[in-house]
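First comes the structure, then the notes that go with it.
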Amino acid sequence: MYQGTILKYSQYLSVNNQTPIISIHEGNTPLVPAPHIAKLTGVPGLKVFLKIEGLNPTGSFKDRGMTMAVSKAVEKGAKRIICASTGNTSASAAAYAARARGLGYELDCYVIIPAGYVALGKLSQAMIYGAKVIQIEGNFDEALNIVKDLSAKYPIELVNSINPYRIEGQKTSAYEICDELGEAPNYLCIPVGNAGNITAYWAGFKDYVSNASARPKMYGFQAAGAAPIVKGHVIDKPETVGTAIRIGNPASWKQAEAARDESAGLIDSVTDEEMLEAYRIIHSSEGYACEPASAASVAGLLKAAKQGQIMPESTVVCVLTGNGLKDPKVAMEQSDFKSAEIVYKADINEIAKALSLSSVLKA
Ligand SMILES: Cc1ncc(COP(=O)(O)O)c(C=O)c1O
């Protein structure tokens, strides 16, 4: 029986027989072909796959790192964990703390989030899993500074991606991709916020693929309004519809640049319009629900293809980092919301008319 990423890949992770494994059987997420997106790139013979990380237990890739961070915190005897979050980290930390409590450990979870910028689905997850949620007048970067200071001053384990076990756990997605494809893809397209995930994937590919020339080029994409790595300076007031990557001073900035440079990849930005266009394509043509920030990977692929940065006959994996159900507000705004607001009489003729069925009567 599949029992989560730690047991599956323990030889690559800092765990031993004494480590209490706090798992919700995360990982093992689908890698699905995306033929429509491949066609849209216009690149001959291109194979595109989507790594559906939104199908992790709390709906995002964060669970891979959180199973490690929380297991190691419990191993060390921690009684409290804390994180700053744009939403998904808080949902994940809260869930793994709940799981630890269910297994008999004492573990409180505190989360600090930017008020007004966390999708309702994510906030509600952190709350129902029993975290103490603190909203601040400030952005993610300010929240991260606060949790760093709090964990330095009080006995609280920090579980943001500056915790090395988070990055270690997130490497497992790269292992899964290689296992599934039988080799590494040529390109890995991924959204970049705090830059922990791109760092983790690159470390994972380096662990798993000994031949350096067989590793993928890492293509990271920031939102144009929150693109410090692309612009080369901190963004004080980052803005984007992809709230998960609304980050102006990424903690793993240097590591992301190393992943880009060592893999001969790139870190570019996509506009909110490009992200939302990709978001609509992923939903309406591939049938998967992702959140807006996740669509940066596909938007980035389409942009890179247009600029001639994707070779024919190659294989691309786009990481869909979070589940679309977390942010129903954006989904409503991006769809035919007006028609869904009309309420019809429960009458077959009225409904057939509304569906314009008169021209397709059965013979
Ligand atoms: C859905 C989603 N996508 C992408 C990211 C960016 O990941 P990272 O901060 O590791 O770059 C996040 C981070 O919160 C996220 O929640």
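Residue numbers (numbering that gives the first Met the number 0): 0 to 362.
Ideal placement from N, C-alpha and C gives every residue a C-beta, glycine not left out.
Judged by pairs of C-beta atoms under 8 Å, the segment 256-274 touches the segment 213-228, as three or more such pairs exist.
Proximity of the segment 285-292 to the segment 234-252 meets the contact definition, three or more beta-carbon pairs being nearer than 8 Å.
One alpha carbon belongs to Glu175, the other to Lys361, and they sit about 48 Å apart. Counting along the chain, the unbroken beta strand (DSSP E) around Thr314 starts and ends at 314-319. Residue burial is scored here from C-beta neighbours: Ile81 has at least 16 other C-beta atoms within 10 angstroms and is therefore classed as buried. Fewer than three pairs of CB atoms, one per stretch, sit closer than 8 Å, so the segment 30-47 makes no contact with the segment 61-68. For the set Phe48, Ala222, Gly129, the Cα lying nearest the Cα of Ser268 is the one of Ala222.
Note on Ala339: under 16 other CB atoms within 10 angstroms of its CB, so exposed under the neighbour-count rule.
Val229 and Asn27 have their alpha carbons spaced roughly 32 Å apart. Between the beta-carbon of Ala353 and that of Tyr343 there is about 6 Å, and that keeps the pair under the 8 Å contact cut. With respect to Leu49, Cys317 sits close: the two C-beta atoms are nearer than 7 Å. Fully contained in the segment 217-298 are the following beta strand (DSSP E) runs of length 3 or more, in chain order: 265-269.
Within the segment 32-117, the runs of beta strand (DSSP E) that reach at least 3 residues and sit entirely inside it are, in chain order, 46-51, 79-83, 107-113. At a threshold of 6 Å, Thr85 counts as near ligand 1, since its beta carbon sits closer than that to one of the ligand's heavy atoms. By the Cβ-count criterion, Asp346 is exposed, with fewer than 16 other Cβ atoms from all chains shown falling within 10 Å of its own Cβ. The three-state secondary structure of Tyr1, taken from DSSP, is coil.
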